[in-house]
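>
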Ligand SMILES: Nc1nc2c(ncn2[C@@H]2O[C@H](COP(=O)(O)OP(=O)(O)OP(=O)(O)O)[C@@H](O)[C@H]2O)c(=O)[nH]1
Ligand SMILES: [Mg+2]
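Numbering (this note's numbering), first residue to last: 1234 to 1542.
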């Protein structure tokens, strides 16, 4: 990854060493990676839903403190890919691991997956020679007695730098986790000014918000067959910003479900998305959504590239 220019020394406190670096948040899907990044950055950068495979791309979130700066790379959950989009998701996660100074591997202790299965899926992706901090997440959902044997087992199988039980939802254990990460990052001047939260342009977040609403409002098939492209985003003097987004699905039947009887279902998506977009941008917008059928977009290399995956 290209590092931005180093900042001048006046950004650095003088009394203690300043640690900064890149941390890839990885793990199986739905373990709470995006929830944790949003909490630590203090902004809703990554979309979060109760469904797996919500995050499809690498998302940068920057958390700065008086003596540290962590540049998080939130990643899609590690899975065994079945089609092109999932392959791209796995590539995004694997790349983030390569780019990172430290890997934060999150495990959902409430999911009931065995350490053997978890390690079988994730360890080959991390490879050798990377520093790993392991976070046992969602401890708010399990009894304390369950944790000790788990810590033991992961210690044996992975031998990470540190294992931290925590809850990204309640914040329990999060300060300790930050401490464990910071001391393992290289010493040097910050990469970004302290008030920078991310690098992605506004239109990236706009498309993510629309996808989030689709994940929230439809059942199994539609979210995984949908993607969003911002076709137009224009600021207009004296009038609301104009945003036109295309929602691509794979089949006609999916288009019909997405739009709903008399267009009511799509209208609701648009309303909810518009509210969040306005909150993000801090100004009113006019949002237009168009549903289009693009057969096989999830499999086509060309479509995936064009759509930013
Ligand atoms: N109870 C509980 N729920 C959590 C915790 N952390 C995350 N969740 C929930 O778990 C679900 C998935 O969270 P995400 O942050 O989207 O998980 P993710 O790992 O980014 O998921 P993908 O992007 O789909 O791979 C959401 O419903 C969260 O609210 C936690 O510590 N405790
Ligand atoms: Mg996520």
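All C-beta atoms, glycine included, are put in the ideal place defined by N, C-alpha and C.
The model shown is predicted, which means the values in this text are computed figures rather than measured ones.
To which residues does DSSP link residue 1293 through a beta bridge?
Per DSSP, 1306.
> What residues in its chain sit with their C-beta under 6 Å from that of residue 1323, if we drop five residues either side in the sequence?
Hits under 6 Å: 1314.
> Taking 6 Å as the cut-off, is the C-beta of residue 1282 nearer than that to any heavy atom in ligand 2?
No, the Cβ of residue 1282 stays beyond 6 Å of every heavy atom of ligand 2.
> By alpha-carbon positions, which one of 1339, 1419, 1374 ends up nearest to residue 1397?
Nearest of 1339, 1419, 1374 to residue 1397, Cα basis: 1339.
> Who are residue 1498's beta bridge partners in DSSP?
Per DSSP, none; premise fails for residue 1498.
> Count Cβ pairs between the segment 1275-1289 and the segment 1360-1372 that sit closer than 8 Å; are there 3 or more?
No, because fewer than three Cβ pairs between the segment 1275-1289 and the segment 1360-1372 fall closer than 8 Å, the two stretches do not touch.
> How would you call residue 1453, buried or exposed, if buried means at least 16 neighbouring beta carbons within 10 angstroms?
Classification of residue 1453: exposed, given that the 10 Å Cβ count is below 16.
> Starting from residue 1535 and walking both ways along the alpha helix (DSSP H), at which residues does that stretch end?
Element bounds for residue 1535: 1534-1539.
> Does ligand 1 have even one heavy atom less than 6 Å from the beta-carbon of residue 1440?
It does not: the Cβ of residue 1440 is nowhere closer than 6 Å to a heavy atom of ligand 1.
> Taking 6 Å as the cut-off, is the CB of residue 1431 close to at least one heavy atom of ligand 2?
No, since every heavy atom of ligand 2 falls outside the 6 Å radius drawn around the Cβ of residue 1431.
> Take every Cβ of the segment 1493-1507, pair it with every Cβ of the segment 1466-1475, and state whether three or more of those distances are shorter than 8 Å.
They do not touch, by the three-pair rule.
> Would the segment 1300-1313 and the segment 1407-1426 be scored as touching if the rule is three or more Cβ pairs under 8 Å?
Yes, since at least three Cβ pairs between the segment 1300-1313 and the segment 1407-1426 fall closer than 8 Å, the two stretches touch.
> Put residue 1439 into one of helix, strand or coil per three-state DSSP.
The answer is helix: DSSP assigns residue 1439 an H, G or I state.
> What number of angstroms, rounded off, separates the C-alpha of residue 1344 from the C-alpha of residue 1389?
Those two C-alpha atoms are separated by around 20 Å.
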